[in-house]
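Chemist: Residue numbers for the sequence shown follow numbering that gives the first Met the number 0, so the first one is 0 and each next one is one higher.
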Amino acid sequence: MKKMWTAKCSQCGQRFRNYERGALLSSIRKHMWKMHRKWMLARMKAGRLAGTAGNPTVGMVLTAISQGIPIALALIRLVRQRRWNRLEAAVDSFEPYMKPEHRVIWQGVKTVKSIDIRRGK
Ligand SMILES: [Zn+2]
């Protein structure tokens, strides 16, 4: 019997299945661009900002925050949990210097990240 590949859209939870892994990935990519275009664009921008994925500096996080929630969130979601704890503390130390609206974004992003971590993402 042939192996069935399955995957779930990280944004809306829609399930995909295919016998070919490549076809599965391309159908998800198509779905993401069609249904979650804004999110994809934010993610690409965050990816460019992060450079080495999963290891952004405090400066990169602050830049992402100044560009708004979608970018900041996409960047933060690239960070691995172990790295996140240190990064969170580092960015927290800049909080007193943030503009009020940036502080709100940072708080929101931290909340989402903590939910992600609790869900084991
Ligand atoms: Zn989706």
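Heads up, the beta-carbon is just placed ideally off N, CA and C, and yes, glycines get one too.
Because the structure is a prediction, the values reported are computed rather than measured.
So PRO55 and LEU72 are in contact, right, with Cβ under 8 Å, and what is the actual spacing, rounded?
Modeler: Within the sequence shown, the letter at position 56 stands for residue 55. Within the sequence shown, the letter at position 73 stands for residue 72. Not a contact, Cβ separation roughly 13 Å.
Chemist: Do the segment 98-118 and the segment 60-72 meet, that is, are 3 or more Cβ pairs less than 8 Å apart?
Modeler: Touching, per the Cβ criterion.
Chemist: Taking the alpha carbon of ASN17 as the reference point, which residue from TRP4, ARG118 and TRP105 has its own alpha carbon closest?
Modeler: The sequence position of residue 17 within the sequence shown is 18, counting from 1. Checked all of TRP4, ARG118 and TRP105; the closest Cα to ASN17 is TRP4.
Chemist: In whole angstroms, give me the CA-to-CA distance for LYS2 and GLY21.
Modeler: Along the sequence shown, read from residue 1 onward, the residue named residue 2 stands at position 3. Along the sequence shown, read from residue 1 onward, the residue named residue 21 stands at position 22. Their backbone Cα atoms lie some 13 Å apart in a straight line.
Chemist: In three-state DSSP terms, what is ASN17?
Modeler: Stepping through the sequence shown from its first residue, residue 17 is reached at position 18. Three-state result, ASN17: strand.
Chemist: Ignore the nearest five residues each way along the sequence and tell me which others in CYS11's own chain have a CB closer than 8 Å to its CB.
Modeler: Along the sequence shown, one-based indexing puts residue 11 at 12. Answer for CYS11: MET34 and HIS35, listed in chain order.
Chemist: Can you tell me whether DSSP reads THR5 as helix, strand or coil?
Modeler: On the sequence shown, position 6 is the one that residue 5 refers to. Three-state DSSP puts THR5 in a strand.
Chemist: How should VAL90 be labelled, buried or exposed, when 16 other C-beta atoms within 10 angstroms of its C-beta is the threshold for buried?
Modeler: Mapped onto the sequence shown, residue 90 falls at position 91. Its Cβ being crowded by 16 or more others within 10 Å, VAL90 is buried.
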